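Participant:
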DNA sequence: CTTGGAATGTCAACAAGACTGACGTATGCT
DNA sequence: AGCATACGTCAGTCTTGTTGACATTCCAAG
C-alpha cells in the first residue's frame, strides 16, 4: 500500500516528506515502548491487590497534593465512577487521605499518607530507572526530540494539563 | 523528594545528570502522548463492536500476512486465549482469514480479507495522520531522537520484535 | 509402529477496569 | 427558594486481560 511514492525521509527546504512506512515505524515504536514503560510498575502492582489505575491515581496525587477529585478526573480522563472505585480502596487501605475542602466544603482534597508515599516511591523508582537508562542511552539531544514529538502528539487539553503540571513544579 | 540536588539537565563531558523531575516529566509526557496516540482509532472502533485489541491484531496481521497465532501472541504480549477471542470475532465477521498450515497443520496462518484491509486502512490512516502532524511539528531531528529514546525504553525481546518488523519491510 | 510429551489452538469461567445511567446528599450561588 | 456543582454510590454492561481444561497435531524415543 502506497509503496515507494516518496523518497524515504526526503527533505526539501522546510517540507518534510514522511512515508507511510516511517510513520508506521513510529507507531510501532510507540506501541512497544509503552509496554516497556508500564512493565516494571505493573510487575510490582501484580503482587499487591492493585493495578495500573491505582498507580496513575497515586502518581498524580503525589504530583499535585491536595488536588480535588474533579481535577484528577480531568487529568486521568476517566469517569468518576471508575476513579471512585480505585480511590475508595486506596483510602480504605490508608494510602490516600481525603480532606473536605475549607473554602468549598463540597470538594475533597486528596493527599498521600506516609504509606501512600512509600508506594509511590517504589513504583516511580522502578519507572524512573527505566526512563533514566533510556535517556542515557539515547543522549540529551534525543531526549529533547523525544519530548518535542510527544508533546506534539498529545490532544490539546492534555498538552495543557501536561505543561501546567510541568510548570507548577520546583 | 530529592529536590534540586543536581542542576537541571546539566551535562558534563559524557555524563548526563538527570533529575527525578526531568524523568518524571518524561513519564508524564509518555502517559499523555499515549492517550493521544490511541484516541483516533479508539473513536472509530467505538462505533463498531471492536476495541483496541482488534486494532492491534489487524495491524500486525496486515504488517506480516501469513503470520501464525503463536507469532502474533509473542508480538502482542497477551495470552493465546485473550487473542483468540478477538481473532474469533474478526474471523466470524470476515475481516480475517485463518488458513491451516501446510507444513505444520497445527499452525494457523492469518490473513486480512479485503474487508479487513479496508478497516486496517481506516484505522491506520487516522493514527498516521496524528503521527505525521507530530513529526512535522517537531522536525526531523526530533523524530530521530524520539525513535532512539523509544527503542531504548523497550524490553529486549520487544526491541528485537520491533527491529525485525522494521527490517522486513522494504 | 506406537506411545508419550510438546506445541498449537479452542472453549469456559472469571476478574480488572473501563463505561453509562440513575439517584442521593451536601454545598454554593443567584 | 431554587438551581447548579461536587462528590459518592448502586446497578449493569463491555472489553480485555487472566487460568484451567481439553482437542488436535507433530515428533522423537523406545
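Chains as they are written, first to last, in the working numbering: chain P, 1 to 170; chain C, 1001 to 1170. Where a beta carbon is used, it is the ideal one built from N, C-alpha and C, also for glycine. As the structure is a computational prediction, the values presented were derived from the model and not from experiment.
Taking contact to mean 3 or more Cβ pairs, one atom from each stretch, closer than 8 Å, check whether the region 1067 to 1080 of chain C and the region 1127 to 1142 of chain C are in contact.
Facilitator: Result no; under three Cβ-Cβ pairs closer than 8 Å.
Participant: To the nearest angstrom, how far is the alpha carbon of residue 156/P from that of residue 1106/C?
Facilitator: Translated into the one-based positions of the first chain, residue 156/P becomes position 156. Translated into the one-based positions of the second chain, residue 1106/C becomes position 106. C-alpha separation (whole angstroms): 48 Å.
Participant: State yes or no: is the C-beta of residue 153/P within less than 7 Å of the C-beta of residue 1036/C?
Facilitator: Stepping through the first chain from its first residue, residue 153/P is reached at position 153. Stepping through the second chain from its first residue, residue 1036/C is reached at position 36. Contact flag set, yes.
Participant: In chain C, which residues lie with their C-beta within 9 Å of the C-beta of residue 27/P?
Facilitator: One-based indexing of the first chain puts residue 27/P at position 27. Simply 1037, 1059, 1124, 1127, 1128, 1131.
Participant: With DSSP collapsed to three states, give me the class of residue 1099/C.
Facilitator: As a working note, residue 1099/C is residue 99 in the second chain. Of the three classes helix, strand and coil, the one that applies to residue 1099/C here is strand, per DSSP.
Participant: Beta-carbon separation of residue 1016/C and residue 33/P under 7 Å?
Facilitator: By 1-based counting over the second chain, the position of residue 1016/C is 16. By 1-based counting over the first chain, the position of residue 33/P is 33. Against a cut-off of 7 Å, the Cβ pair of residue 33/P and residue 1016/C comes out as no contact.
Participant: Quick check: the Cα distance between residue 45/P and residue 73/P, rounded to an integer number of angstroms?
Facilitator: Looking up residue 45/P in the first chain gives position 45. Looking up residue 73/P in the first chain gives position 73. Going from the Cα of residue 45/P to the Cα of residue 73/P covers about 22 Å.
Participant: Given that a residue counts as buried once 16 or more other Cβ atoms are within 10 Å of its Cβ, and exposed if not, what is residue 1168/C?
Facilitator: For the purposes of this step, residue 1168/C is taken as residue 168 along the second chain, with counting starting at 1. When all chains shown are included, residue 1168/C counts as exposed.
Participant: Once the 5 residues before and after residue 9/P are set aside, which same chain residues still bring their CB inside 6 Å of it?
Facilitator: As a first step, residue 9/P is located in the first chain; it is residue number 9 there, counting from the start. Caution is warranted here: a pLDDT of 49 is assigned to residue 9/P, below 50, making its placement in the model unreliable, and the coordinate value is therefore given only provisionally. For residue 9/P, where only same-chain residues beyond five positions count, there are no Cβ hits under 6 Å.
Participant: Measuring CB to CB, does residue 116/P end up less than 7 Å from residue 96/P?
Facilitator: Position 116 of the first chain, counted from the first residue, corresponds to residue 116/P. Position 96 of the first chain, counted from the first residue, corresponds to residue 96/P. The answer is yes: Cβ separation under 7 Å.
Participant: Return the residues of the region 1147 to 1159 of chain C that lie within a Cβ-Cβ distance of less than 8 Å from chain P, sorted by chain order.
Facilitator: Result list: 1147, 1148, 1149, 1150, 1151, 1152, 1153, 1154, 1155, 1158, 1159.
Participant: Using a Cβ-Cβ distance under 7 Å, would residue 1182/C count as near chain P?
Facilitator: Limits of chain C in this structure are 1001 at one end and 1170 at the other, which puts residue 1182/C out of reach.
Participant: Interface residues of chain P around residue 1116/C at Cβ under 7 Å?
Facilitator: Position 116 of the second chain, counting from 1, holds the residue named residue 1116/C. Those do not exist, as residue 1116/C stays about 13 Å from chain P at its closest Cβ, beyond 7 Å.
Participant: State buried or exposed for residue 135/P, treating a residue as buried only when at least 16 other CB atoms are found within 10 Å of its CB.
Facilitator: Within the first chain, numbered from 1, the residue matching residue 135/P stands at position 135. Residue 135/P should be labelled buried.
Participant: Using a Cβ-Cβ cut-off of less than 7 Å, give me the residues of the region 1095 to 1114 of chain C that come near chain P, in sequence order.
Facilitator: Those residues of the region 1095 to 1114 of chain C that come within reach of chain P (Cβ to Cβ, closer than 7 Å) do not exist; the list is empty.
Participant: What residue range does the alpha helix (DSSP H) around residue 52/P cover?
Facilitator: Taking the first chain and counting its residues from 1, one reaches residue 52/P at position 52. Element bounds for residue 52/P: 52 to 63.
Participant: Taking the C-alpha atoms as reference points, what is the distance between residue 123/P and residue 1026/C?
Facilitator: On the first chain, residue 123/P is found 123 positions in, with the first residue counted as 1. On the second chain, residue 1026/C is found 26 positions in, with the first residue counted as 1. When rounded, the distance between both Cα atoms is 15 Å.
Participant: In chain order, what residues of the same chain lie with their CB nearer than 7 Å to the CB of residue 2/P, ignoring the 5 residues before and after it?
Facilitator: The residue labelled residue 2/P in the question sits at position 2 within the first chain. Any reading at residue 2/P must be qualified, since the residue scores a pLDDT of 44, below 50, and its modelled position is unreliable; no value is offered.
Participant: What residue range does the beta strand (DSSP E) around residue 1111/C cover?
Facilitator: Stepping through the second chain from its first residue, residue 1111/C is reached at position 111. Taken as a continuous stretch (DSSP letters only), the beta strand (DSSP E) holding residue 1111/C covers 1108 to 1112.
Participant: Contact defined as beta carbons within less than 8 Å: I believe residue 110/P pairs with residue 120/P. What is the distance between those atoms, to the nearest angstrom?
Facilitator: Indexing the first chain from 1 puts residue 110/P at position 110. Indexing the first chain from 1 puts residue 120/P at position 120. Incorrect: roughly 12 Å between the Cβ atoms, too far for contact.
Participant: Can you list, in chain order, the residues of its chain whose CB lies under 8 Å from that of residue 1103/C, leaving out five sequence neighbours each side?
Facilitator: Along the second chain, read from residue 1 onward, the residue named residue 1103/C stands at position 103. For residue 1103/C, where only same-chain residues beyond five positions count, there are no Cβ hits under 8 Å.
Participant: Please report the straight-line C-alpha distance between residue 1159/C and residue 99/P, rounded to a whole angstrom.
Facilitator: Locating residue 1159/C in the second chain gives position 159, where the first residue counts as 1. Locating residue 99/P in the first chain gives position 99, where the first residue counts as 1. C-alpha separation (whole angstroms): 45 Å.
Participant: Residues of chain C with CB closer than 7 Å to the CB of residue 166/P, please, in chain order.
Facilitator: Mapped onto the first chain, residue 166/P falls at position 166. Simply 1025.
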